[in-house]
Each structure stands twice: as C-alpha cells, then as structure tokens.
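Novice: Using my numbering, read the sequence shown as starting at 823 and increasing by one per residue.
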Amino acid sequence: MRDFSSAEPVVASHDAHVSDVSLPVNSTPNSAIAAMALNFNSPSPPVIPISDLAAVHEFQDELLLHEEDRPQEECGVFGIWAPGVDVARRAFFGIFALQHRGQESAGIAVSDGQKLQLHTDMGLVTQIFNEEILSSLQGDIAVAHNRYSTTGSSELCNAQPIMTNSSEGIMAVAHNGNLVNAAIVRREMEEAGEVFTTSMDTEVIGKTIEALNDRPLEEALLETMRRVQGAYSLVMMTRDTLIAMRDPNGVRPLCLGRLKDNSGWVVASETCALNVVNATFEREIAPGEICFINGEGIESVFYKEEAKDREDRPALCIFEFIYLARPDSQLMGRNVHQARRRMGETLARQSPVEAEVVIGVPDSGLPAAIGYAAGSGIPYQEGLIKNRYIARTFIQPDQMQRELGVRMKLTPLEDVLRGQRVVVVEDSIVRGTTTKRIVQMIRDAGATEVHLRISSPPYKWPCFYGIDTAARKDLIAYQRSVEEIRQYNGADSLAYITMDNLIEAVGHDKNQFCRACFDGEYPIHIPTDIRYTKLVLGEENGDSTNGHANGNGHYSEQSTLEVVQAMEAVQALEEGGPANHGGGDPGPESAGEWETVGDELVSTS
Ligand code: SF4
823 MRDFSSAEPV
833 VASHDAHVSD
843 VSLPVNSTPN
853 SAIAAMALNF
863 NSPSPPVIPI
873 SDLAAVHEFQ
883 DELLLHEEDR
893 PQEECGVFGI
903 WAPGVDVARR
913 AFFGIFALQH
923 RGQESAGIAV
933 SDGQKLQLHT
943 DMGLVTQIFN
953 EEILSSLQGD
963 IAVAHNRYST
973 TGSSELCNAQ
983 PIMTNSSEGI
993 MAVAHNGNLV
1003 NAAIVRREME
1013 EAGEVFTTSM
1023 DTEVIGKTIE
1033 ALNDRPLEEA
1043 LLETMRRVQG
1053 AYSLVMMTRD
1063 TLIAMRDPNG
1073 VRPLCLGRLK
1083 DNSGWVVASE
1093 TCALNVVNAT
1103 FEREIAPGEI
1113 CFINGEGIES
1123 VFYKEEAKDR
1133 EDRPALCIFE
1143 FIYLARPDSQ
1153 LMGRNVHQAR
1163 RRMGETLARQ
1173 SPVEAEVVIG
1183 VPDSGLPAAI
1193 GYAAGSGIPY
1203 QEGLIKNRYI
1213 ARTFIQPDQM
1223 QRELGVRMKL
1233 TPLEDVLRGQ
1243 RVVVVEDSIV
1253 RGTTTKRIVQ
1263 MIRDAGATEV
1273 HLRISSPPYK
1283 WPCFYGIDTA
1293 ARKDLIAYQR
1303 SVEEIRQYNG
1313 ADSLAYITMD
1323 NLIEAVGHDK
1333 NQFCRACFDG
1343 EYPIHIPTDI
1353 RYTKLVLGEE
1363 NGDSTNGHAN
1373 GNGHYSEQST
1383 LEVVQAMEAV
1393 QALEEGGPAN
1403 HGGGDPGPES
1413 AGEWETVGDE
1423 LVSTS
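(1) Could you name the residues of the same chain whose beta carbon sits closer than 7 Å to that of residue 1136, not counting the 5 residues immediately before and after it, in chain order?
(2) Going by other Cβ atoms of all chains shown within 10 Å of its Cβ, with 16 needed for buried, is residue 948 buried or exposed?
(3) Considering only residues of the same chain and omitting the five flanking positions on each side of residue 1279, which have a CB-CB separation below 6 Å?
(4) Below 8 Å on the Cβ atoms is my guess for residue 1264 versus residue 1244; work out the distance and round it to an integer in Å.
(5) Say the cut is 8 Å; is the CB of residue 1300 nearer than that to a heavy atom of ligand 1?
(6) Applying the 10 Å Cβ sphere with the 16-neighbour rule, what's the burial state of residue 1209?
(7) Give every residue whose Cβ lies closer than 6 Å to any heavy atom of ligand 1, listed in chain order.
(8) In this structure, does DSSP put residue 1285 in helix, strand or coil?
(9) Determine the direct distance from the alpha carbon of residue 1299 to that of residue 1306, and round the result to whole angstroms.
(10) Is it right to say residue 1020 is buried, meaning 16 or more other beta carbons lie within 10 angstroms of its own, or is it exposed?
(11) Consider the C-beta atom of residue 1132 and the heavy atoms of ligand 2; say whether any pair is separated by less than 8 Å.
(12) Cα separation between residue 1009 and residue 997?
(13) Using the three-state DSSP reduction, which class does residue 847 fall into: helix, strand or coil?
(14) Measuring straight from C-alpha to C-alpha, what distance separates residue 1327 and residue 1168?
(15) Among residues of its own chain, excluding the 5 on either side of residue 1271, which ones have a beta-carbon nearer than 6 Å to its beta-carbon?
(16) Please classify residue 953 as buried or exposed, where buried requires at least 16 neighbouring CB atoms within 10 angstroms.
(17) In whole angstroms, give me the CA-to-CA distance for residue 921 and residue 1191.
(18) Going by the beta-carbon positions, is the gap between residue 1017 and residue 899 smaller than 9 Å?
(19) Can the beta-carbon of residue 1002 be found closer than 9 Å to that of residue 984?
(20) Is it buried or exposed for residue 1124, if we count other Cβ within 10 angstroms and need 16 for buried?
(21) Going by CA-CA distance only, name the one from 1084, 1132, 1332 that's closest to residue 1438.
(22) Who are the Cβ neighbours of residue 1337 in its own chain at under 6 Å, not counting the five residues just before and after it?
(23) Could you tell me whether the Cβ atoms of residue 1066 and residue 1111 are closer together than 9 Å?
(24) Which ranges would you report for the alpha helix (DSSP H) in the stretch 1265 to 1345 if only whole runs of at least 4 residues count?
(25) Let me check one thing: in DSSP terms, what residues is residue 1208 bridge-paired to?
(26) For residue 915, report the span of its alpha helix (DSSP H) as first-last.
(27) From the DSSP output, which residues share a beta bridge with residue 1157?
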C-alpha cells in the first residue's frame, strides 16, 4: 500500500509486467498462457487507500470536468508487420499519436516468429515505455493499444493487448469498441466452465477465438464475428501474421497504411498514426473485413451473413467527426478538421446572432468556431486558454485550488471578452455542467452577452458501442427543451446544429453513420439487459467494480445478477419504453421540443 502523502506519481514498476512467451509452433500454448497469467498476477501497481483517493478524485473530477462532460473514446489500436524494422519503436509512436483515444493504460506485444513478448502498464504511453523497454521488445510484428477508463478503474489486468489461444498458437488481441452481447456470451461460456480473469469484453472475444481453436484461424474469426455483436476494431497478431478485423457495421474506424520504403504494413485506429511511423494511407479496413498480413502478402476475407441483429449498412460513429478523432485524421476520405470547420460555417447560416467576437471552447470546439466566424463574418479570437498539462495529477489540492475548480483548466482572456457580445462554439453538451461554468466564466470576464452554438445535435441517447457517456437520465437533452437547457446554462441564446446540416458538413449520406446518441436509431440491436443497465440502473458510468456493465465493456461478478434483476424490474417498461431498437424517439421525453423551434433553433429569454 502506498502512502499518498509521499506524493509520488503513481506509475507502476515497468519490470513487473514484461512477459516472454516462447512459441514453438507445435507446442501447447496453454502453458504459455498460464505463464503470462502468472505475470499478470504479479504485484499490482501501488494502490492508494480509497479514503485518500476520495479527495484526490474530487479534485481531479473538477480539473477533468471538461473532458468528463463529453463522450470519451475508449481505445486506440495499432499494428505493424515489417521484418527488419524496429517494430516496437514504431508501435510506440503509433499509440503515442493515438493517445487522445485512451490515457489510462497501454501495451505493446511483439513477435519474432518464435517468441512473443508483451509489456503493459498503467499510465500514458510516454510514462510506460523507455529506451530499455523498447530495446528489449525485438520482433517483426507488433500490436499496440492504449486504453481509456474512468477514474477509479485503474486495473492493470485490464490493460491490452491480451493473449488468447488459436489454431495458430498464441495470439495478441487489441480492441477498440464495445460488444453489446458480451454479458450474454460470457454467461454462456461461464456456464460451460470457462473462467474469465478480466472484466473486459475483449476477453470475451479472446475466449471465443480460443474456443474455436480446432478450426483454421480464418474460419474461427468469421465464426467469432457471427457470435459477438457490437462495435469492434481489432488488431491481432499470431507468431507470423498481423490481422485487422472490423465489425460488420464498421462503427469504430480502422485504416491500413504502407511504410514509405515498402518494408511493411501498418494498421491503426486513425490515419494520424501513419505519418509518425513513416507510412502512407492505403485504405480503410472495410466493415466486416478480416485482413491478414504476412510474408505471403495481404489477403482479406469478408463476413457475409444476412443481418439479424443489426442494420445491414455501414455505421461509422458520427461522433468521430464531431469530437473523438484527431483533427488531422482522415475519415471516409474527409479531413476531420475541415469537417468541423464546415459544421461551424453551416451553424452560422442556420443560427445567426449579432455579436462582436466568436470564440471556441478548446480544443475540439475551435475548428467549428473558426468556421462559425467565417460563415458569419464575426471576427474569431481565442477567448479561453487551456492549461494542457494539468490533467491527471495526484498532488493534493489546497482549499484555494478547490475553489478555483475549472478555472485551473480554462482561463478566460478578459481583454478579448470584456464589453463584448460573445458567440461561444462548443462541440457538444452531454451533462451540461461544464458548459454552465464556462458561460459564467465568460460573463465574469466582462462579456455583455453570451450566445452558445453547438456543432452537434442534442445528445439524448447513451452510447453502447464504445463511447463512455452518462446514463440517459443524466443527459441534459433528455426530457429537456432547448429553452430549458439555455436557462440551465445561463446563456443569452442557444442553438444546436440540425442533423441535416451536420450531415451536409460531413459530406456523406446520413445512412453511412451511427447517429444513435442523437436520434435513438441504434444500428446494432441492444440486448434488453444491457440497455436497461444503462437506462435504468444509471450508476454504471465509472467504476468497473460497481457491479454493472458500464458501457466500457466491463462486467463485474455481480453484473449478471443485477442485469437479471434489472430486466425483471423493467419488463413492464419495455412496452412503450424509452429505447426501442431502431424506433427513433418513442420515449417519455417531450419529443420534438427542440425541433419545434423550427429553422431558428434558437431560444432567447
Ligand atoms: S451512439 Fe453516438 S457515440 Fe455511440 S457510436 Fe453511435 S454516434 Fe457514436
């Protein structure tokens, strides 16, 4: 147990988590898995007593409020096949470029064809890896991962890549996304005697592959696709093959790149990870594609089966365009920054207002603010400055710092704001708590009017596909009109971009996207138990030890029982309940309230 008063940073010893697994082709990999499990069970990183953590978390919550009042991406994945190249180093820079997709833990696995090595730990990529560790990870193929998790669920056993068994021996598996039927598949496997050692849905994928290890790997992966449902962009590795696999709806992004000197191939969650490893964009991994990369070249197979529990269409998460993806990434042939800029321009045409200055909420609100300024002719200025280095501190705050709260993170530029009518552009409002504080902060800096413009539609529905959001009851747009939200935030006016204008800005057909958090049309069926865990129990968001399937794909020991209880308790609500698959918005909220404002979509007091 570590004494928090020592104020040492909580970074686990690196040496404890390096694992070597020999991979003779005909060996029994189970023993190797057992060896790895031993290593995974080695002494955990220092744990701060819960009593001490409470004060720290309270302060962190305040500092991180801005991020936590937004949907949070779950993970970034990266893989490289390049014999003769320092693949561990390239993988390091790959997940470094994807750090925005996950900040809690990271890992790199490498294979030299005989031996597989794995290093995972808690923390940022730069905290986990150093020269010594990277130099020890020698091989021709690497798979890497970084993971997001909410405060309090810092568990090394949930770090990825994970290991599983297959007909090709041990495999490393890295996952971005969230299965919607993980609890069901896991329960069935546990009833059949399977033992799970983590609380991740990724282990459900791994165990499913392992259960099929009497079949050729290609066949096993196609069958795995049939059994698991939800969002998954997977990067995997056998001793000699890199594998990229994307769910049939393609909810989370995944792309293929080629090293510029033709020495190998790369797969990554986003194209922003290609440049830094000297690779060029080749193409996106298609929904339902399994791509095998090895010494014989690249070969793909495609999942083909009539959709039973999902819409048979691509459904990339539209929130990748709005907030999640890095602005320098390309998605579906469009640059993310430019798409956000167009959202702002469109919003300016849709919901104009008289003002002297346009500012954005850093960082993801800035491109749309620049676009709003261009579309409206109102000058753009930086009005809020973000301290980029204040997040995840474990230093005890004093009373003065507690009182400063979000001002520790964002500082208003009084010279820009004083005496001005200000348009503030933000990418989304989830709970609304941060937006309210930002509006007040701008007023305190001397603004005479504050007009909020949001570059996404009202966020009304929880995500089940790998984005950590609040329970529905905590979403401010659930059961509230735009006018009520404006009053809560204290802005002089509030306008959200319409779905049609958002789609126009992104530049693709509406039916290419998952838009469920805005319109409730879930492209992949959400099993009742999981749906109600999120909608009714409402305490799932956060600690993976709280006994709920928590939207991160985590399932604790209690979750099955609680899910069953929840199902029983809410069966009556099912008829006419709030979240019918594909049923639009039949819930109890005052549907259409924000639409009834018409083209204006602006509420003023
Ligand atoms: S529900 Fe929203 S956040 Fe989740 S995948 Fe769909 S669009 Fe993205």
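The C-beta atom is built at its ideal place from N, Cα and C for all residues, glycine as well.
Specialist: Taking the structure as given:
(1) Reading the sequence shown from its first residue, position 314 is the one you call residue 1136. Correct list, in chain order: 1071, 1072, 1109, 1334.
(2) Within the sequence shown, residue 948 is the residue found at index 126, counting from 1. Under this definition residue 948 is an exposed residue.
(3) For the purposes of this step, residue 1279 is taken as the residue at position 457 of the sequence shown. Once the five neighbours on either side are set aside, the close Cβ partners of residue 1279 are 1318, 1321, 1340.
(4) In the sequence shown, residue 1264 corresponds to position 442, counting from 1. In the sequence shown, residue 1244 corresponds to position 422, counting from 1. About 6 Å; that satisfies the 8 Å criterion.
(5) Taking the sequence shown and counting its residues from 1, one reaches residue 1300 at position 478. It does not: the Cβ of residue 1300 is nowhere closer than 8 Å to a heavy atom of ligand 1.
(6) The residue you call residue 1209 lines up with position 387 of the sequence shown. Answer is exposed; the Cβ neighbour count stays below 16.
(7) 893, 1073, 1139, 1140, 1141, 1285, 1287, 1289, 1336, 1337, 1338, 1339
(8) Here the question's residue 1285 lines up with position 463 in the sequence shown. DSSP places residue 1285 in coil when its eight states are reduced to three.
(9) Stepping through the sequence shown from its first residue, residue 1306 is reached at position 484. Stepping through the sequence shown from its first residue, residue 1299 is reached at position 477. Going from the Cα of residue 1306 to the Cα of residue 1299 covers about 9 Å.
(10) In the sequence shown, residue 1020 corresponds to position 198, counting from 1. Buried, by the Cβ-count rule.
(11) The ligand content of the structure shown is limited to ligand 1, which means ligand 2 is not among them.
(12) Looking up residue 1009 in the sequence shown gives position 187. Looking up residue 997 in the sequence shown gives position 175. The alpha-carbon atoms of residue 1009 and residue 997 are separated by roughly 20 Å.
(13) Your numbering for residue 847 matches position 25 in the sequence shown. Per-residue confidence for residue 847 stands at a pLDDT of 33, beneath the threshold of 50, marking its modelled position as unreliable; no derived number is given.
(14) If you number the sequence shown from 1, residue 1327 lands on position 505. If you number the sequence shown from 1, residue 1168 lands on position 346. Rounded to the nearest angstrom, the two C-alpha atoms are 7 Å apart.
(15) Numbered from its first residue, the sequence shown carries residue 1271 at position 449. Here the set comprises 1243, 1314.
(16) As a first step, residue 953 must be located in the sequence shown, where it is residue number 131. It counts as exposed.
(17) Sequence index remark: in the sequence shown, residue 921 carries index 99 (1-based). Sequence index remark: in the sequence shown, residue 1191 carries index 369 (1-based). Their backbone Cα atoms lie some 24 Å apart in a straight line.
(18) In the sequence shown, residue 1017 corresponds to position 195, counting from 1. In the sequence shown, residue 899 corresponds to position 77, counting from 1. Not closer than 9 Å, so no.
(19) In the sequence shown, the residue the question calls residue 1002 occupies position 180. In the sequence shown, the residue the question calls residue 984 occupies position 162. In this structure, residue 984 does not lie closer than 9 Å to residue 1002 by Cβ.
(20) Start at 1 with the first residue of the sequence shown, and residue 1124 comes out as number 302. Exposed, because fewer than 16 other Cβ atoms sit within 10 Å of the Cβ of residue 1124.
(21) Shown here, the chain extends from 823 to 1427; a query on residue 1438 therefore has no answer.
(22) Here residue 1337 corresponds to residue number 515 of the sequence shown, with the count starting at 1. Taken in chain order, the residues that qualify are 1140.
(23) The sequence position of residue 1066 within the sequence shown is 244, counting from 1. The sequence position of residue 1111 within the sequence shown is 289, counting from 1. Going by C-beta atoms, residue 1066 is nearer than 9 Å to residue 1111.
(24) 1304 to 1311, 1321 to 1328, 1338 to 1341
(25) Start at 1 with the first residue of the sequence shown, and residue 1208 comes out as number 386. BP columns for residue 1208 point to 1232.
(26) Residue 915 sits at position 93 when you count from the first residue of the sequence shown. Here the alpha helix (DSSP H) through residue 915 covers 909 to 919.
(27) For the purposes of this step, residue 1157 is taken as residue 335 along the sequence shown, with counting starting at 1. Per DSSP, 1152.
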